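Novice:
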Amino acid sequence: MAKGTLTRWERALERWQSALVSRAVHREPVELLDALRRECDDHAVVCSENRVVVPNAYEVELDAAVHEELLRHGCGDVGQELTDALARHGERHGYEWAGPLAVRIVPAAGPSADPYRVSSSPMPHVRADAFPAAG
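Using our numbering, you'd call the opening residue of the sequence shown number 1 and step up by one each time.
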């Protein structure tokens with residue numbers, strides 16, 4: 001297979017994955033990223049003129065069926081993609097993270113009228129797989 005064909009195939013796969021995520025959360029993926037950015041901005045703490053600290057541990061709750069659909073279709077890296085995008089946002093604003101940045105995607109505990117819920121907290125030593133259990 002030629003390199004150009006593989007690149008086109010990869011781009012098509014990325015578009016399909018983006019469309020799946022968009023359909024899964026019933027909105028554009030950009031809206032979910034905007035919600036993460038707002039959560040970050042709304043919880044920024046100005047410590048000095050040159051230091052603004054923001055939470056580093058973010059959790060996105062999706063409807064359980066939507067979460068399962070993402071996993072079933074191999075979209076398990078969505079949390080990392082959101083983490084990378086949020087890191088770029090923080091860099092643009094000169095934010096200092098309270099610890100290692102992580103975004104974790106989890107199924108919602110119960111039914112909700114909202115397609116997703118975003119929360120955050122400062123956790124100095126966190127990884128996406130090491131969040132405390134919701135409950």
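Note that beta-carbon positions come from the ideal geometry of N, C-alpha and C, so glycine has one too.
Just so it is clear, the structure is predicted and the values come from calculations on it, not from any experiment.
Does the Cβ-Cβ distance between Thr86 and Val106 come in under 9 Å?
Specialist: Reading the sequence as shown, one finds Leu at residue 86 and not Thr. No; because the gap between Cβ atoms is not below 9 Å, this pair is not in contact.
Novice: Could you tell me the distance, in whole angstroms, from the CA atom of Leu32 to the CA atom of Tyr116?
Specialist: Looking at the backbone, the Cα of Leu32 and that of Tyr116 are separated by about 8 Å.
Novice: Could you tell me which whole beta strand (DSSP E) segments of length 3 or greater appear in the region 28-109?
Specialist: If we require 3 residues or more, the beta strand (DSSP E) runs fully inside the region 28-109 come out as 45-48, 51-54, 57-62, 95-97 and 102-107.
Novice: Compute the beta-carbon to beta-carbon distance between Val46 and Val52, rounded to the nearest angstrom, for a pair I have assumed lies under 8 Å.
Specialist: 5 Å
Novice: Measuring CA to CA, which of Glu96, His73, Ser119 and Leu70 is closest to Glu49?
Specialist: Glu96
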